[in-house]
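Here the structure is laid out as structure tokens; the discussion comes afterwards.
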């Protein structure tokens with residue numbers, strides 16, 4: 001499966017009203033702390049890959065740790081990537097595995113994330129520490145459906161009163177690293 | 182924590198009687214299928230490390246997938262290594278992460294494994310496909326206790342009627358690769 005994802009800056013207060021107007025459903029809220037790793041054998045900045053440990057703190061329930069690999073862009077306009085993600089039981093052991101293999105923590109991205117269901121898509125409101133407020137609309141589809149899903153996502157953004165031309169293609173990690181410069 | 186582990190060839194039928202005699206307790210039985218990976222950036226054969234996905238099939242209960250990294254030997258006599266292991270929820274996603282990073286499956290070791298508790302140690306009876314019957318005695322200890330734990334493990338092997346001098350320091354993977362030559 002491929003992740004189709006579009007991201008924009010958006011004021012959350014007005015966006016929540018529009019989500020309510022169009023009948024999108026609130027799903028859940030989580031605090032996410034993402035640690036991105038550098039590889040020992042190639043530069044992920046050059047290859048456009050990412051390796052991440054995500055710690056999620058749901059409003060209710062136990063913390064969850066996930067390991068995620070994101071491959072290079074396969075379709076630049078929609079930021080479509082091959083992605084593999086699994087929950088892991090032992091955060092500390094996973095850090096030990098990566099350290100043993102020579103992967104090193106490079107940067108941390110922290111945010112409050114709220115999920116809504118909107119048609120077949122997930123709409124995500126992100127308040128990112130140090131960066132501000134964003135919205136993402138995303139969906140996983142088979143490779144053959146990527147282009148159609150991207151067009152549909154653009155239509156949904158317009159229904160939310162957003163301008164798809166203002167799409168941001170840089171990751172939060174990239175925005176934070178740029179802000180550090 | 183460091184894993185102290187001693188391994189010998191042993192006939193399981195007679196060993197089960199001795200375990201019963203000394204009061205060791207049967208714990209459980211599992212089928213294990215281990216896939217070992219080659220790294221893209223160094224030769225684990227040269228560095229004496231290992232990266233493994235283990236699929237465990239308990240006699241009762243659901244299959245479990247574990248990711249394990251084993252570092253180089255830190256104490257050759259007892260085969261003591263730094264080890265990091267965590268269960269993961271999605272076997273296929275984990276394979277995707279490793280493939281994306283450039284790690285490739287190199288060899289598979291399959292065995293039937295039976296666990297016994299014996300004092301502070303775990304005694305493991307392994308019937309390895311293509312290799313035969315083995316026993317391992319193992320325990321995790323802090324680094325400062327490694328030498329004392331190794332001495333104690335030798336004493337327990339003698340109580341089981343085994344000769345600690347017959348210790349095998351080659352991994353099942355190494356034995357299988359040697360048998361292939």
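Protein chains in written order, with this note's numbering: chain R, 1 to 181; chain L, 182 to 362. Don't be surprised by glycine CBs; every beta carbon is placed ideally from N, CA and C.
DSSP lists 211(L) as the beta-bridge partner residues of residue 239(L). Residue 47(R) carries a helical assignment under DSSP once its states are collapsed to helix, strand and coil.
Cβ-Cβ separation between residue 315(L) and residue 206(L): approximately 20 Å, too far for a contact (criterion under 8 Å). Taking a cut-off of 8 Å on C-beta distances, the region 103–118 of chain R does not touch the region 287–303 of chain L, as fewer than three cross pairs fall below it. Any Cβ of chain R closer than 8 Å to the Cβ of residue 270(L) would place that residue at the interface, and such an atom is present.
Contact annotation: residue 232(L) and residue 101(R) have beta-carbon atoms nearer than 8 Å. Residue 332(L): member of the alpha helix (DSSP H) spanning 327–340, first to last residue. The Cβ atoms of residue 189(L) and residue 349(L) sit closer than 8 Å to each other.
Ranked by Cα distance from residue 83(R), the options 270(L), 275(L), 267(L), 328(L) are led by 275(L). Closer than 9 Å at the C-beta level to chain R, one finds these residues of the region 198–224 of chain L: 220, 221, 222, 223. In this structure, residue 22(R) lies near residue 159(R), with their beta-carbon atoms less than 8 Å apart. Contact annotation: residue 2(R) and residue 143(R) have beta-carbon atoms nearer than 8 Å.
In the pairwise beta carbon analysis, the region 235–252 of chain L is classified as touching the region 205–220 of chain L: at least three pairs are separated by under 8 Å. Straight-line spacing of the CA atoms in residue 61(R) and residue 338(L) works out to 45 Å. Using a Cβ distance threshold of 8 Å, residue 269(L) and residue 88(R) count as a contacting pair.
The Cβ of residue 254(L) sits no closer than 8 Å to any Cβ of chain R.
With respect to the C-alpha of residue 357(L), the residue from 290(L), 342(L), 286(L), 326(L) having the closest C-alpha is 290(L).
Between residue 253(L) and residue 216(L) a beta carbon distance of about 21 Å is seen, past the 8 Å cut, so the two are scored as non-contacting. The three-state secondary structure of residue 23(R), taken from DSSP, is coil. Within the same chain, Cβ atoms closer than 6 Å to the Cβ of residue 85(R) are found at 66, 68, the five residues on either side in sequence being excluded.
Secondary structure at residue 125(R): strand, using DSSP grouped into helix, strand and coil. Taking a C-beta distance under 8 Å as the contact criterion, residue 187(L) and residue 306(L) do not qualify as a contact pair. Here residue 178(R) is not near residue 130(R), since their CB atoms are 8 Å or more apart. Its Cα nearest to that of residue 244(L), the residue 271(L) stands out among 193(L), 271(L), 342(L), 226(L).
Using a Cβ distance threshold of 8 Å, residue 185(L) and residue 322(L) count as a contacting pair.
Ranked by Cα distance from residue 98(R), the first of 331(L), 333(L), 352(L), 220(L) is 220(L). Rounded to whole angstroms, the Cβ separation of residue 218(L) and residue 287(L) is 6 Å, and the two are in contact under 8 Å. Shown here, residue 233(L) sits in a strand according to DSSP, grouped into three states.
Shown here for residue 192(L): same chain residues with a beta carbon closer than 7 Å to its own, the five before and five after excluded, namely 314 in chain order. The Cβ neighbour count for residue 13(R), taken over all protein chains shown within 10 Å, is under 16; the residue is labelled exposed. About 6 Å separates the beta carbon of residue 70(R) from that of residue 49(R), a gap short enough to meet the 8 Å contact definition.
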